[in-house]
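Counting from 1, position 241 in the sequence shown corresponds to residue 1125 in my numbering; the numbering is continuous, with no gaps.
Think of the CB as a built atom: it goes at the ideal place given N, C-alpha and C, for glycine as much as any other residue.
Written out below as structure tokens is the structure these notes cover.
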Amino acid sequence: MRPVVPLPLWPLGEARATPLAGLKGLRFAEALDATGRVVLADSLDPALRERLGRARAPMAGLSLDRPRLMGILNVTPDSFSDGGDHADRAAAVAHAQALLAEGADILDIGGESTRPGAAPVPVEAEIARVVPVVAALRAAGVAAPISVDTRNAACAKAALAEGADMINDVSALSHDPGMAEVVAEAGVPLCLMHAQGSPAEMQQAPRYDDVLAEVYEALERRIAAAEAAGIDRSRLIVDPGIGFGKDLDHNLTLLRGLTAFHGFGLPLLVGVSRKRFIGTIGGAETPKDRMPGSIAVALWAARQGAQVIRVHDVKETRQALALQAALMGNEG
Ligand code: 9MG
């Protein structure tokens, strides 16, 4: 069934309206119900209203009462590292430090490309790319939270041992049967991202009857699986997985209905940076030319109450968010 979609009120909303997503100043007074009709927030199930509005638990020490930026650090052959080379590692560390200086709240380090069509990487190679960078960042005194973008338990375990704080699993625990245990034992936050299919084939023919309902229900099942495996619900973050087994219309429908995902009562992470649909709509074939469109969608996500936004262009997105927050009467 289609989830309830709260309609956020900006700027500042009415003081009497219902809080949304635990974000300062974000409220709603109306929502779309399962049939798409506008209903008053007051008429919603009180338990759902409570989940929609409650303050989110901090994530890796970051309070989530304002949108946070997750800076992307890919350590793949098409970016820096081809397997632990020292110069590549130094360049990756320098890039991470630059992202933090530009205003990233958390880093997301990944050693396996999850682009459409990307082939899986042997876990040993992934570990060789990611773990030395985590270790080098900690050795350099970087105290900022570090997330590791991995589907593999062995990589997660090794990175956590070197000081990573969180796991971002684009398979939502469905790739590696050992991942849940590693996360449960470490007691770290885990991002459960929705994907239809694996990166290698997910864009071949993505199909849904009702993409918003199906992604919501799939995430609900992954949350239940994580909890059944001993991961505390308070450590979970959800993500609709824009571009992961979704065509352009699927992506737009999910972004229009983003507030539905606050119904879990959990932090919401959104990643759109430089993705294909931005190039398609914005007429930018090359990913690096997709910054303006990426910022436009990041601002949209923040207005829908996404607590964490995953971006390549930290400085530019930070500036745009600051202006949006000022216009909305928030401190950003
Ligand atoms: C690794 N990665 C690439 N895109 C992503 C997205 O949209 N969300 C998350 N959680 N991870 C992503």
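Taking the alpha carbon of ASP1053 as the point to measure from, which residue in LYS1130, ALA988, GLY1149 and ALA1038 has its own alpha carbon closest? ALA1038
Please report the straight-line C-alpha distance between VAL1017 and ARG1105, rounded to a whole angstrom. 33 Å
Can you give me the C-alpha to C-alpha distance between MET1063 and VAL1195, rounded to a whole angstrom? 25 Å
Which residue spans inside the segment 1066-1109 form an unbroken beta strand (DSSP E) run of at least 3? 1074-1077
Kindly indicate the opening and closing residues of the alpha helix (DSSP H) around ASP1133. Where ASP1133 is concerned, the enclosing alpha helix (DSSP H) stretches over 1132-1140.
Could you check whether the Cβ of ASP1033 sits closer than 7 Å to any heavy atom belonging to ligand 1? Yes; taking the cut-off as 7 Å, the Cβ of ASP1033 has a heavy atom of ligand 1 nearer than that.
If distances are taken between C-alpha atoms only, which option among GLN1191, VAL1198, GLN1188 and GLY1189 comes closest to SER1178? Taking only the C-alpha atoms, the option nearest SER1178 is VAL1198.
Kindly examine ligand 1 and report whether one of its heavy atoms sits closer than 7 Å to the Cβ of LEU991. no
Same chain, Cβ closer than 7 Å to VAL1099, five either side skipped, listed in chain order: Excluding residues within five positions, the ones whose Cβ falls inside 7 Å are HIS1078, PRO1124 and LEU1138.
Straight-line gap, VAL1005 to ALA1040 (C-alpha atoms, nearest Å): Straight-line Cα distance between these residues: approximately 14 Å.
Check whether the Cβ atoms of LEU957 and ALA980 sit closer than 8 Å, and answer yes or no. Pairing LEU957 with ALA980 gives a Cβ-Cβ distance under 8 Å.
Looking only at DSSP bridge pairs, what is THR902 linked to? PHE912
May I have the straight-line CA-CA distance separating LEU1207 from ALA1112, to the nearest angstrom? 42 Å
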